[in-house]
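Each step along the sequence shown adds one to the number in our numbering, with nothing skipped, and position 403 is 418. Some notes on the structure that comes next.
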Amino acid sequence: MLNNKFLQIWVFIHPIPLLWEDPFSIKFPKNYHFIEIYLRNLNDNDKTKLNEYGINDDLFPSNTLFNYPSYIKHLDTRRINNSIENWEAAIRALQYFNYSVQNTLQDFIKLIYRSLFLIFIENEVNLHSLEVSLYSHQGCKYFDGAFELILQNPNFIYNIKNLKLDFYITAETITKLLTFLNSNCNSISSLYFLFPSYKDNHSTIEKSLSQIINSQESLRRILLGFNGFPLYHSLLSLKSSNCLNTLNTIIFYYVNFKNIIVLNEVFNQLNVLESIHIIYCYSLNTKFIQQIINIIKPFKLKSLLLIEEILEIEPLELLIQKFGNELEDFGINVKNNSQQLLHLLESVIKYCYKIKFLYLPVGLNNQKINLVFNLIENIKQNLNYLLIDVLDHYYDDHLSSNILQNLGQILPLKLEYLNLGLAINGNDLEIFLKNSQNTFIRKLLIRNKKKEENEDILLYIKEYIMKKRRVKYLAILENFHEKSEDLFFLKDKVKEFELYGIQVLNYYSLYIDINYFINEIYL
Numbered sequence: 016m017l018n019n020k021f022l023q024i025w026v027f028i029h030p031i032p033l034l035w036e037d038p039f040s041i042k043f044p045k046n047y048h049f050i051e052i053y054l055r056n057l058n059d060n061d062k063t064k065l066n067e068y069g070i071n072d073d074l075f076p077s078n079t080l081f082n083y084p085s086y087i088k089h090l091d092t093r094r095i096n097n098s099i100e101n102w103e104a105a106i107r108a109l110q111y112f113n114y115s116v117q118n119t120l121q122d123f124i125k126l127i128y129r130s131l132f133l134i135f136i137e138n139e140v141n142l143h144s145l146e147v148s149l150y151s152h153q154g155c156k157y158f159d160g161a162f163e164l165i166l167q168n169p170n171f172i173y174n175i176k177n178l179k180l181d182f183y184i185t186a187e188t189i190t191k192l193l194t195f196l197n198s199n200c201n202s203i204s205s206l207y208f209l210f211p212s213y214k215d216n217h218s219t220i221e222k223s224l225s226q227i228i229n230s231q232e233s234l235r236r237i238l239l240g241f242n243g244f245p246l247y248h249s250l251l252s253l254k255s256s257n258c259l260n261t262l263n264t265i266i267f268y269y270v271n272f273k274n275i276i277v278l279n280e281v282f283n284q285l286n287v288l289e290s291i292h293i294i295y296c297y298s299l300n301t302k303f304i305q306q307i308i309n310i311i312k313p314f315k316l317k318s319l320l321l322i323e324e325i326l327e328i329e330p331l332e333l334l335i336q337k338f339g340n341e342l343e344d345f346g347i348n349v350k351n352n353s354q355q356l357l358h359l360l361e362s363v364i365k366y367c368y369k370i371k372f373l374y375l376p377v378g379l380n381n382q383k384i385n386l387v388f389n390l391i392e393n394i395k396q397n398l399n400y401l402l403i404d405v406l407d408h409y410y411d412d413h414l415s416s417n418i419l420q421n422l423g424q425i426l427p428l429k430l431e432y433l434n435l436g437l438a439i440n441g442n443d444l445e446i447f448l449k450n451s452q453n454t455f456i457r458k459l460l461i462r463n464k465k466k467e468e469n470e471d472i473l474l475y476i477k478e479y480i481m482k483k484r485r486v487k488y489l490a491i492l493e494n495f496h497e498k499s500e501d502l503f504f505l506k507d508k509v510k511e512f513e514l515y516g517i518q519v520l521n522y523y524s525l526y527i528d529i530n531y532f533i534n535e536i537y538l
């Protein structure tokens, strides 16, 4: 029997409705017992279905302080799916289950998935955000049961303000969903479209997206992420009368701008456009950049993150010269040691002073890192997120040493996030920690490529980080040959950090990738 007292304690310490608006997304601390609290709301007939899997009423809390399902505001299908799978694993470990040939694990997950949506619908929740993320055909099957309920209860999503559609597959469900959204949701303020490159029905999909855009009455933000998907209809739909006086933010994510020639035509119609974000896009050539520069309506280029090899430096320099003074997010994810990158960094140093997010995961060498140091000096009053990684595509002991010896003294007094991927020498690490001792880092991540298995950087971390309480969250991942070791799994050491108020987390749970950053900052 699961400890019912523990459930009551968990409910007691999480009574505030705000914490129940999106429990599937809570990271720290993480547990999945809230699913049991939701399932207690099922009627007797639905609970009987759970009995077939060995789930009895003693799994559920006997009483709760609030009607928790009614507080839900945000639903993300991917996180719901992950939460159910983790919850199932936890209660299976307690020998609750009795699967048969007829009742499989997939059937059970689909049942819980549908049951949760049924509970939310029956409680007539006021849903604010919906994220439909379908990455596999199995995930699509899980969603099908919930989608049937939504089709029968369109009021469930009628008032959503934030909609995210993130599909890596093609399925009939997706086409039906787009048609349904077009007819039943017209008050969306934030739209996120991330689709793969469809081969067969891309025209149908893109026209459906255009219809959704045209049907909105108060669209303020939109993300278009298509990986080569044609954008013609979607861009032209931004000219609709409903968007002209509401749309203020456009994010292009993994978009190929080749043959796109309608940017002037579209953007010059938008009366309240404030910012454009270009993140990991392709074909940033003269033809594209000239369209951006020639836009008459005033706006700010807030984000520029590069992933494509730079073949034409002059247009990018013109772009930075015109918009660099408002640029807040900048990154280079290009494995390229060409002079073009050096010239680009020099332009960023010259024109960009407001960068808050600096993302440099690949492609650095000693010549570039010195320019990066100059850039950090220039932007330290605004810098809040910094990632420097030399391990994935370029490995140099001297480069890692150079970074550790020269970075600490130029960091701002406070950082939200610092992630370093280096080949760390203990003496160099001590220099870095001493030089940065006046900097408080809320989230510190270190990925270390060890040269010797018995090297121990924790001695320095404890002395200069732990004892001085210089971080809130810490994650350290060390690699030696094919072996990886995450500090999070060394429980005795984790407890030692906890005594100083520092929470040690799994490296990849604390890691901020670009997709996560977009979600947290702009959507």
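The beta carbon of each residue, even a glycine, is placed where N, CA and C say it ideally should be.
**Message:** With three or more beta-carbon pairs closer than 8 Å as the criterion, would you say the region 499-507 touches the region 434-442?
**Reply:** no
**Asked** On the premise that H89 lies in contact with H143, defined as a C-beta separation below 8 Å, what is that separation, rounded to the nearest angstrom?
**Response** 6 Å
**Request:** Measure the beta-carbon distance from E327 to N300 and round it to whole angstroms, keeping in mind my assumption that it falls under 8 Å.
**Result:** 5 Å
**Message:** Do L238 and Y268 have their beta-carbon atoms positioned less than 8 Å apart in this structure?
**Reply:** yes
**Request:** Identify which residue in I322, E324, K350, K317 has its Cα closest to the Cα of L334.
**Result:** K317
**Beta-carbon spacing of L145, I184 below 8 Å** = no
**Item:** Under 8 Å between C-beta atoms of A438 and D412
**Value:** yes
**Message:** Quick check on the burial criterion: 16 or more other C-beta atoms within 10 angstroms. Buried or exposed for I24?
**Reply:** Bear in mind that a pLDDT of 46 at I24, under 50, signals an unreliable position, so the model cannot answer this.
**Prompt:** Buried or exposed: where does V116 fall if 16 or more other Cβ atoms within 10 Å of its Cβ makes it buried?
**Reply:** Note that V116 has pLDDT 43, beneath the 50 cutoff, so the model's placement of it is unreliable and no number is given.
**Prompt:** Would you call the CB atoms of L320 and Y374 closer than 8 Å?
**Reply:** yes
**Message:** Please list the terminal residues of the continuous beta strand (DSSP E) segment that includes T301.
**Reply:** Where T301 is concerned, there is no enclosing beta strand (DSSP E), although the alpha helix (DSSP H) it sits in stretches over 301-308.
**Message:** Among the candidates F182, I291, I472, whose CA atom is the shortest distance from the CA of T92?
**Reply:** F182
**Request:** Kindly list the residues whose CB is nearer than 8 Å to the CB of N197, restricted to its own chain and excluding five residues on each side of it in sequence; keep chain order.
**Result:** S223, Q226, I227, S230
**Request:** Determine the DSSP secondary structure at F345, reduced to helix, strand or coil.
**Result:** strand
**Prompt:** So, helix, strand or coil for N378, using DSSP?
**Reply:** The sequence given here has Gly at residue 378, not Asn. Three-state DSSP puts G378 in coil, outside helix and strand.
**Asked** L414 by DSSP, collapsed to three states: which one?
**Response** helix
**DSSP beta-bridge partners of N271** = Y297
**Message:** L74 and E51 - do their beta-carbons sit closer together than 8 Å?
**Reply:** yes
**Classification of S416 by the beta-carbon crowding that lies within 10 angstroms, buried from 16 upward** = buried
**Prompt:** What first and last residue would you give for the alpha helix (DSSP H) that runs through Y432?
**Reply:** From DSSP, Y432 is part of no alpha helix (DSSP H) but of the beta strand (DSSP E) over 429-437.
**Message:** Quick check for students: name the residue ranges of the beta strand (DSSP E) that lie wholly in the region 83-129, counting only runs of 3 or more.
**Reply:** 89-91
**Asked** Any idea what DSSP makes of V147, helix, strand or coil?
**Response** strand
**Message:** Assuming L460 and A490 are in contact, meaning their beta carbons sit under 8 Å apart, how far apart are those beta carbons, in whole angstroms?
**Reply:** 5 Å
**Message:** Per DSSP, what are the beta-bridge partners of N177 in this structure?
**Reply:** S144, S205
**Asked** At what residues does the beta strand (DSSP E) containing F81 begin and finish?
**Response** Neither: F81 is in no beta strand (DSSP E) and is coded neither H nor E.
**Prompt:** Does the beta-carbon distance from I234 to F195 come in below 8 Å?
**Reply:** Reading off the sequence shown, one finds Leu at residue 234, where the question assumed Ile. No, they are not a contact pair.
**Asked** Around the C-beta of I276, are 16 or more other C-beta atoms found within 10 angstroms, so that it is buried, or is it exposed?
**Response** exposed
**Item:** C-alpha distance - G69 paired with I175, whole-angstrom precision
**Value:** 36 Å
**Message:** Quick check on this structure: which residue in D122, R236, P427 has the alpha carbon closest to the alpha carbon of L288?
**Reply:** R236
**Request:** Using alpha carbons as the reference points, say which of V363, Q355, S255 lies closest to N283.
**Result:** S255
**Prompt:** Buried or exposed: which applies to L430, given that a residue is buried once 16 or more other Cβ atoms fall within 10 Å of its Cβ?
**Reply:** buried
**Message:** So, under 8 Å CB-CB, I308 and K337 are touching, yes? Tell me the CB distance rounded to an integer number of Å.
**Reply:** 6 Å
**Request:** Look at the alpha carbon of F532 and the alpha carbon of N60, and state the distance between them as a whole number of angstroms.
**Result:** 43 Å
**Item:** Close-in-space but distant-in-sequence residues of the same chain around L386 (CB under 6 Å, 5 per side omitted)
**Value:** L360
**Request:** Could you tell me whether the Cβ atoms of P376 and L398 are closer together than 8 Å?
**Result:** no
**Prompt:** Can you tell which of P169, E535, I476 has the C-alpha that lies nearest to the C-alpha of V509?
**Reply:** I476
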